[in-house]
Amino acid sequence: MGLVSKGSQCNVDGCENDAVRSLNTKKVEDAGLRLNASGKKSGLCKEHYKEWKKATKDDRSLERARYERG
């Protein structure tokens, strides 16, 4: 069972929503979100996951392009 399927909450400071995604804690912190958890994985609710996606859009597209070239 994963972090989200166990019914965890969002790990962003001040958020009490249920988590829908779990991501690497370092990547979430690098995007500028403040977390109240310290572990390898952090749970994010729908709103904060959307915020993380917007903040890392350019980085993720560069990462994909690097793998597509071979």
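Residue 21 in the numbering used here sits at position 7 of the sequence shown, with consecutive numbering throughout. Note that CB positions come from ideal geometry on N, CA and C, so glycine has one too. From a predicted model like this one, the values you see are computed outputs, not experimental measurements.
Notebook entry, point to check: Closest by CA to Arg74, which one among Asp44, Leu58 and Asn31?
Noted result: To locate residue 74, count along the sequence shown from 1; it is residue 60. Taking only the C-alpha atoms, the option nearest Arg74 is Asp44.
Margin query: So, under 8 Å CB-CB, Lys20 and Asn38 are touching, yes? Tell me the CB distance rounded to an integer number of Å.
Written below: For the purposes of this step, residue 20 is taken as residue 6 along the sequence shown, with counting starting at 1. For the purposes of this step, residue 38 is taken as residue 24 along the sequence shown, with counting starting at 1. Contact doesn't hold; Cβ gap of about 18 Å is too wide.
Item checked: Rounded Cβ spacing between Ala33 and Leu58 (contact assumed at less than 8 Å) -> Position 19 of the sequence shown, counting from 1, holds the residue named residue 33. Position 44 of the sequence shown, counting from 1, holds the residue named residue 58. About 6 Å; that satisfies the 8 Å criterion.
Notebook entry, point to check: Taking the C-alpha atoms as reference points, what is the distance between Gly16 and Asp27?
Noted result: Along the sequence shown, one-based indexing puts residue 16 at 2. Along the sequence shown, one-based indexing puts residue 27 at 13. Roughly 21 Å between the two C-alpha positions.
Item checked: Which residues DSSP lists as bridging Gly16, in chain order -> Counting from 1 along the sequence shown, the entry for residue 16 is found at position 2. Its beta-bridge partners do not exist; DSSP assigns none.
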